[in-house]
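Residue numbers (my numbering): 33 to 179. Note that the Cβ used here is the ideal one computed from N, Cα and C, for glycine as well.
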Amino acid sequence: MLPERALQAIAQAIAQSEREHTGEIRVAVEAALDWRRLLRRQSVRERALEVFEKLRVWDTEDNNGVLIYLLLADRQVEIVADRGLARRVGPDEWQRICQAMEAAFRQGRFAEGLLAGVAAVGEKLKRHFPGPDRAGNELPDRPCLLS
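Right, dumping it as structure tokens:
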């Protein structure tokens with residue numbers, strides 16, 4: 033999927049970002065949807081919502097966790113924000129971040145696209161939930177590789 037060096041860089045970027053706000057950023061990368069999901073015609077958005085729940089991104093103290101979900105096979109990305117942040121940042125803003133990331137993915141620049149996405153999400157969190165994280169690191173920083 034992604035080389036170890038890229039996974040480490042993304043984890044470091046998340047850790048650095050989370051020092052500046054109270055939010056939590058989680059990255060999940062999936063190679064492809066399995067045949068059952070394809071038969072059900074599950075959308076990338078629906079899968080991202082499932083992963084958001086499975087990884088418990090919703091379970092943060094300030095309800096401001098964010099999932100960046102990348103489906104490698106389709107080079108599509110979805111951003112799912114918990115209710116605390118979703119009230120402050122509209123879908124159009126998330127879509128712009130996704131489009132910028134997908135442009136990098138189309139050029140095969142997956143690590144760079146994910147790093148840019150982490151930075152952009154971090155800026156939203158810093159604007160709406162500034163300050164040091166009182167609850168500590170609530171979610172792992174390392175990207176989750178889904179099989």
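Boundaries of the alpha helix (DSSP H) in which residue i is found, first to last residue
i	result
LEU70	67 to 71
GLN40	36 to 50
Straight-line gap, residue i to residue j (C-alpha atoms, nearest Å)
i	j	result
LEU177	VAL98	16 angstroms
GLY149	VAL76	17 angstroms
GLU85	GLU78	11 angstroms
Assigned exposure category for residue i - 16 Cβ within 10 Å defines buried
i	result
GLY55	buried
Delimiting residues of the beta strand (DSSP E) encompassing residue i
i	result
ARG58	56 to 62
GLN108	108 to 113
Candidates the options, of which the one nearest residue i by Cα
i	options	result
VAL153	CYS130, GLN108, GLU82 and ARG119	CYS130
GLU170	PHE161, TRP126 and ASP94	ASP94
GLN40	ALA118, GLY168 and LEU147	LEU147
Mind the definition here: the segment 137 to 147 touches the segment 88 to 104 only if three or more C-beta pairs lie below 8 angstroms; say whether that holds.
yes
Is it a yes or a no for the segment 89 to 97 touching the segment 36 to 50, going by three-plus beta-carbon pairs under 8 angstroms?
By the criterion of at least three beta-carbon pairs nearer than 8 angstroms, the segment 89 to 97 is not in contact with the segment 36 to 50.
For the segment 149 to 164 and the segment 113 to 121, state whether three or more C-beta atom pairs, one from each stretch, are separated by less than 8 angstroms.
yes
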